[in-house]
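>
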Amino acid sequence: MKKKIILIYISSLLMVAQCNELNLFQTISSSELIKHIIKATEHNHSPIDHNISSSISEVLIDMYSGDAQKGYTLFKKKLETPCQISPIEFAIAHTQEEWEAIVEAGKFREETLQLCPDSETQLKATWLPHLYQFAYEYAIDSGNIPSDDE
Numbered sequence: 451m452k453k454k455i456i457l458i459y460i461s462s463l464l465m466v467a468q469c470n471e472l473n474l475f476q477t478i479s480s481s482e483l484i485k486h487i488i489k490a491t492e493h494n495h496s497p498i499d500h501n502i503s504s505s506i507s508e509v510l511i512d513m514y515s516g517d518a519q520k521g522y523t524l525f526k527k528k529l530e531t532p533c534q535i536s537p538i539e540f541a542i543a544h545t546q547e548e549w550e551a552i553v554e555a556g557k558f559r560e561e562t563l564q565l566c567p568d569s570e571t572q573l574k575a576t577w578l579p580h581l582y583q584f585a586y587e588y589a590i591d592s593g594n595i596p597s598d599d600e
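Okay, so the sequence shown: first residue is 451 according to my numbering, each after it adds one.
(1) Using a threshold of 9 Å, state whether the C-beta atoms of Gly516 and Tyr582 are closer than that.
(2) Going by beta-carbon coordinates alone, are Ala541 and Ala585 separated by less than 9 Å?
(3) Distance, Cα to Cα, Ile538 vs Ser569?
(4) Under 9 Å between the Cβ atoms of Gln546 and Ser592?
(5) Quick one: using the 10 Å Cβ neighbour count with 16 as the cut-off for buried, is Ile595 buried or exposed?
(6) Are the beta-carbon atoms belonging to Ala551 and Ile590 less than 9 Å from one another?
(7) Note down, in chain order, each residue of its chain lying with its Cβ closer than 8 Å to the Cβ of Arg559, except the 5 sequence neighbours on either side.
(8) Does Lys574 come out as helix, strand or coil in the three-state DSSP assignment?
(9) Please go through the same chain and pick out, in chain order, the residues whose beta-carbon is closer than 7 Å to the beta-carbon of Pro532, but skip the five residues on each side of it.
See the structure below:
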């Protein structure tokens, strides 16, 4: 029993050493993560896995490529009236972590429609990345407040 534990411990140490050597223990931005995902999918030879990975990376690229200021403007001009809530009320409905989890689960559109049920006909798919970036940047725990000139 002790030999197995020692072997597992040694294996763990070797893995940590290799990860350190390869610089795998580093903090990267979401855009860098997306680049790594895309690079990994380019080297993937399994057509099924490649399609799944490509779909995931496309969704991530789309959602993380938005502009918060544009999201605020879109909400203010196009969705505030049908939603009957202000852009900031929309953003503070969740924490940054919650917004991120919603996006990663592929449920951002559904959550937007839950908060703004009368906006279904106005809500365009091309707006979602911008609305997400706005919601994330001004989430309840962000400490950010949009200015009126945004």
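From the three backbone atoms N, C-alpha and C, an ideal C-beta is built for every residue, glycine too.
This structure is a prediction, so every number in the text was calculated from the model and none was measured.
Looking at the coordinates:
(1) yes
(2) yes
(3) 16 Å
(4) yes
(5) exposed
(6) no
(7) Leu573, Ala575, Leu578
(8) coil
(9) Cys566, Asp568, Ser569, Gln572
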